[in-house]
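Engineer: Can you keep this structure in mind? I'll have questions shortly.
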Amino acid sequence: MKSHSFVPKILIVALGVILVTFFGLWFFMGKYPNYIVKGGVKNNPQGVVFIPKQAPLMVSLLINPNELGIITKLFPSNDEQKRILKAIEQLRTNLLSQAQVDSKEDLQNWLGDEITLAVTSLDYDHNNDNGIIPGYLLVAKNKSPQLAREFLQTYYGKQAVSNNAQLIFDKYKGVNLVFQQPTVANTSIKQVAAAVVGDFVLFANDIQVLKESINNAQAINLNLAHNLAYQKAIASLTEEKVSVAYVNLPSTSAWIGNKPDIENSLINQSLTLSLSLNPQGLITHTALFGVNEEENQLPSLTKPPQTLAYISDNSIFAVAGVNLEKFWLSIQQGLKENNPLCQLIYQGIHPLEDSLKIDFAENIFPYVTQEYGLSLSINETTKELDWLFVNETQENSLTKSLDNIAKNRGLSVGKLPLNNNTITAWTQLVTTSKNNFSNVETQVKGVYIEKDSYEILTNSVNVLSNTLNHPENNLLETSNFQSIIQALPNNNDGYLYLQWQPLKPYITKRFPVIKIAELAFKPLFDNLKSLTITMDSVENDIRKGTIFINLSQ
């Protein structure tokens, strides 16, 4: 009999502890030891030796969560931080309750400075009779093996009394195991199997998963620490960190879809992330393996793209970089290979193509081989999103191509004055009816201007007017954006920037799954101000990137 109840418990408790710890540490990082102030620690997860090479997912916390205990003595005067502190304490209390641990002192005596959670397999026994049940493993470092054993004895003794279950003690390859077995039929028992192995305590959702984790540690060629993709990725993430995550993209995609196997076993692509603390928020360094790049590639930019100087400081979303054509060619190649990451990017772009009735691959990307910038801002009148696109002028003009498309669709293309400038507008005559009177109105579908070797296009005359009349109000020169990019690598391939709170209603409407993530990590999303992403370089089959999570203070 497989245990279903253990799966959500272990996920909620372990992921919750990790979230609560680094979120609490960020709020009070000035009060913590020097290694926290620096952003984290240098060491990498040691518990990966128990995790199989093919594991879909692994998340590891590299600091002791018990350090949150001193938070109660550090109440700040800021009312907002008091509210956050109360929420963190309530969440931690709930997590301990769900794990059926009486108090945090039960853990403090033995819990060390690493907690690692892994999805070890998509279906650990491939038995059709009992459905698809993934394997789950929780590895916690201990300060005292003896105290850890005493904790397990107390914990399992309590479970046996309250759940009509008997404890089974076994030995496997020199390791003492303990697990539960129901004493009555058709009873719901959390069949958690556990063992103390040296400096680690292991919890699994089945005795088979636990035994396989011991095999992984004893036969080194079986564990994640000796996975080539993981080795290359973790070697590239040299920054201090408080947490590490490893995601096998095809396997994780299958796990989310509750499938027993991956669709294409030939795809070997993974994403490894490390999380660091920063006075303004959190920094995530990423390492993507399996990008199919034949050669190492240096970043395309050594300074922020100048296209950002034409993007308004009230933009809630902005992307700036260089050579969209090359980026799209890599996406197309990934689609041919059923690459899940490329499929995700295409799913985000394809609806926009449909709404504009433009084939980006044919009509846009070939004309964007230099610096570019795209932004979204809220129209205060309609509350809809206005867009603006900036393209560095080149021999093949994007605007001339779009002029031809507009004419073929029956739009008028003409010059119009705008303050002291001359702009080009794509317009359409439409008839409207009001009070039994018909009127002819001109609708502006888009406008653009060529200025300072850049093509500036937008759907709004007001957006273009503000860009031209108030060049000082640009995103690049704001103190907030300048402080963000200082925390990111100078050499990169561009930026993706979004302001979460104003963008949230629009993005959750298009992608409802984000609402689920927001509920799961509410303390983080409630205090998320902005998110900024850069891609850095390709080296040794690894594409590196950095994500800056700017939090309210």
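First residue of the sequence shown? That's 315 in this note's numbering, and the numbers climb one at a time after it. Don't be surprised by glycine CBs; every beta carbon is placed ideally from N, CA and C.
#1: What would DSSP say about residue 833, mapped onto helix, strand or coil?
#2: Taking only runs of the alpha helix (DSSP H) that begin and end inside the region 490 to 555, which ones reach a length of at least 4 residues, in chain order?
#3: Grouping DSSP H, G and I as helix and E and B as strand, with all else coil, what is residue 642?
#4: Does the beta-carbon of residue 440 have 16 or more other beta-carbons within 10 angstroms, so that it is buried, or is it exposed?
#5: Given a cut-off of 9 Å, decide if residue 642 and residue 675 are closer than it, judged by their beta-carbon atoms.
#6: Specify the secondary structure class of residue 810 as computed by DSSP and reduced to three states.
#7: Of the choices 488, 487, 507, 595, whose alpha-carbon is the least far from that of residue 495?
#8: Take residue 693 and list the residues in its own chain whose beta-carbon comes closer than 6 Å to its own, dropping the five residues that flank it on each side.
#9: Should residue 833 be labelled buried (16 or more other beta-carbon atoms within 10 Å of its own) or exposed?
#10: Taking residue 853 and residue 610 to be in contact with their CB atoms under 8 Å, please state how far apart those CB atoms are, rounded to whole angstroms.
#11: Give me the residue from 528, 639, 752 with the minimum Cα distance to residue 678.
#12: Tell me whether residue 465 is buried or exposed, calling it buried when 16 or more other Cβ atoms sit within 10 Å of its Cβ.
#13: So, with DSSP's three-state summary, where would you put residue 587?
#14: Quick one: is residue 521 buried, meaning 16 or more other Cβ sit within 10 Å of its Cβ, or exposed?
#15: Considering only residues of the same chain and omitting the five flanking positions on each side of residue 429, which have a CB-CB separation below 6 Å?
#16: With 16 other CB atoms within 10 Å as the buried threshold, where does residue 425 fall?
#17: Which same chain residues, not among the five before or five after residue 635, have their C-beta less than 6 Å away from its C-beta?
#18: Can you give the Cα-Cα distance for residue 844 and residue 557, rounded to whole angstroms?
#19: Here's the rule I'm using: 16 or more other beta-carbon atoms within 10 Å means buried, otherwise exposed. How should residue 745 be labelled?
#20: Ignore the nearest five residues each way along the sequence and tell me which others in residue 598's own chain have a CB closer than 6 Å to its CB.
#21: Pull the bridge partners of residue 777 from the DSSP assignment, please.
#22: Cα separation between residue 817 and residue 437?
#23: Given this structure, state the Cα-to-Cα distance separating residue 755 from residue 684, to the nearest angstrom.
#24: Which residue or residues does DSSP assign as beta-bridge partners of residue 761?
#25: For residue 705, report the span of its alpha helix (DSSP H) as first-last.
#26: Taking the alpha carbon of residue 514 as the reference point, which residue from 457, 748, 741 has its own alpha carbon closest?
#27: With which residues is residue 858 paired in a DSSP beta bridge?
#28: Starting from residue 631 and walking both ways along the beta strand (DSSP E), at which residues does that stretch end?
#29: Helix, strand or coil: how does DSSP classify residue 568 here?
#30: Smallest Cα separation from residue 841: which of 850, 632, 851, 814?
#31: For residue 365, which three-state DSSP category applies?
#32: Skipping 5 residues on each side, what residues in its chain have a beta carbon closer than 6 Å to that of residue 866?
#33: Quick check on the burial criterion: 16 or more other C-beta atoms within 10 angstroms. Buried or exposed for residue 625?
#34: Assuming residue 518 contacts residue 450 (C-beta within less than 8 Å), just tell me the rounded distance between them.
#35: Taking the CB atoms as reference points, tell me whether residue 362 and residue 537 lie closer together than 9 Å.
#36: The beta strand (DSSP E) spanning residue 434 covers which residue range?
Structural biologist: The answer reads as follows:
#1: One-based indexing of the sequence shown puts residue 833 at position 519. Judged by DSSP in its simplified three-state form, residue 833 adopts helix.
#2: For the region 490 to 555, whole alpha helix (DSSP H) runs of length 4 or above, ordered along the chain, are 521 to 532, 542 to 550.
#3: What you label residue 642 is simply residue 328 of the sequence shown in a count that begins at 1. Residue 642 falls in the helix class under three-state DSSP.
#4: In the sequence shown, residue 440 corresponds to position 126, counting from 1. Result: exposed.
#5: As a working note, residue 675 is residue 361 in the sequence shown. As a working note, residue 642 is residue 328 in the sequence shown. Cβ distance < 9 Å, so residue 675 and residue 642 count as in contact.
#6: Numbered from its first residue, the sequence shown carries residue 810 at position 496. In the displayed model, residue 810 falls within a strand according to three-state DSSP.
#7: In the sequence shown, residue 495 corresponds to position 181, counting from 1. When only C-alpha atoms are compared, the closest one is 507.
#8: On the sequence shown, residue 693 is found 379 positions in, with the first residue counted as 1. Beyond the five residues adjoining it in sequence on each side, residue 693 comes within less than 6 Å, by CB distance, of 700 in the same chain, given in chain order.
#9: Walking along the sequence shown from the start, residue 833 turns up at place 519. Under this definition residue 833 is an exposed residue.
#10: For the purposes of this step, residue 853 is taken as the residue at position 539 of the sequence shown. For the purposes of this step, residue 610 is taken as the residue at position 296 of the sequence shown. Between residue 610 and residue 853 the Cβ distance is about 5 Å, and since that is below 8 Å, they are a contact.
#11: Taking the first residue of the sequence shown as position 1, residue 678 is located at position 364. Distances from the CA of residue 678 to each of 528, 639, 752 were compared; the closest alpha carbon is that of 639.
#12: Working through the sequence shown from its first residue, we reach residue 465 at position 151. The residue in question, residue 465, is buried, as its Cβ has 16 or more Cβ neighbours within 10 Å.
#13: Here the question's residue 587 lines up with position 273 in the sequence shown. Collapsing the DSSP output to three states places residue 587 in a strand.
#14: Sequence index remark: in the sequence shown, residue 521 carries index 207 (1-based). With 16 or more other CB atoms across the displayed protein chains lying within 10 angstroms of its CB, residue 521 is buried.
#15: Indexing the sequence shown from 1 puts residue 429 at position 115. Correct list, in chain order: 375, 454.
#16: For this step, residue 425 is matched to residue 111 along the sequence shown. With 16 or more Cβ atoms within 10 Å of its Cβ, residue 425 is classed as buried.
#17: In the sequence shown, the residue the question calls residue 635 occupies position 321. 807, 808, listed in sequence order.
#18: Counting from 1 along the sequence shown, the entry for residue 844 is found at position 530. Counting from 1 along the sequence shown, the entry for residue 557 is found at position 243. Whole-angstrom Cα-Cα distance: 21 Å.
#19: Within the sequence shown, the letter at position 431 stands for residue 745. Taking a 10 Å sphere around the C-beta of residue 745, we find fewer than 16 other C-beta atoms and assign the residue as exposed.
#20: Within the sequence shown, residue 598 is the residue found at index 284, counting from 1. The beta carbon of residue 598 lies closer than 6 Å to those of 587, 589, 861 in the same chain, with the five residues before and after it left out.
#21: One-based indexing of the sequence shown puts residue 777 at position 463. As computed with DSSP, residue 777 is found in no beta bridge at all.
#22: Here residue 817 corresponds to residue number 503 of the sequence shown, with the count starting at 1. Here residue 437 corresponds to residue number 123 of the sequence shown, with the count starting at 1. Looking at the backbone, the Cα of residue 817 and that of residue 437 are separated by about 38 Å.
#23: Indexing the sequence shown from 1 puts residue 755 at position 441. Indexing the sequence shown from 1 puts residue 684 at position 370. For residue 755 and residue 684, the distance between alpha carbons rounds to 37 Å.
#24: On the sequence shown, residue 761 is found 447 positions in, with the first residue counted as 1. Per DSSP, 739, 772.
#25: In the sequence shown, the residue the question calls residue 705 occupies position 391. No alpha helix (DSSP H) contains residue 705, which is instead part of the beta strand (DSSP E) from 699 to 706.
#26: By 1-based counting over the sequence shown, the position of residue 514 is 200. Residue 514 has its Cα closest to that of 457, out of 457, 748, 741.
#27: Position 544 of the sequence shown, counted from the start, is the residue given in the question as residue 858. In DSSP, residue 858 forms a bridge with 601, 851.
#28: Stepping through the sequence shown from its first residue, residue 631 is reached at position 317. Taken as a continuous stretch (DSSP letters only), the beta strand (DSSP E) holding residue 631 covers 631 to 636.
#29: Residue 568 sits at position 254 when you count from the first residue of the sequence shown. In the structure shown, residue 568 sits in a helix (DSSP, three-state: H, G or I).
#30: As a working note, residue 841 is residue 527 in the sequence shown. With distances taken between Cα atoms, residue 841 lies closest to 814.
#31: If you number the sequence shown from 1, residue 365 lands on position 51. Coil.
#32: For the purposes of this step, residue 866 is identified with residue 552 of the sequence shown, where counting begins at 1. Around residue 866: 841, 843.
#33: In the sequence shown, residue 625 corresponds to position 311, counting from 1. Classification for residue 625: buried.
#34: Here residue 518 refers to the residue found at position 204 of the sequence shown. Here residue 450 refers to the residue found at position 136 of the sequence shown. Between residue 450 and residue 518 the Cβ distance is about 7 Å, and since that is below 8 Å, they are a contact.
#35: Position 48 of the sequence shown, counted from the start, is the residue given in the question as residue 362. Position 223 of the sequence shown, counted from the start, is the residue given in the question as residue 537. Judged by beta-carbon spacing, residue 537 lies within the 9 Å limit of residue 362, meaning their Cβ atoms are closer than that value.
#36: Here the question's residue 434 lines up with position 120 in the sequence shown. Counting along the chain, residue 434 sits inside the beta strand (DSSP E) bounded by residues 425 to 435.
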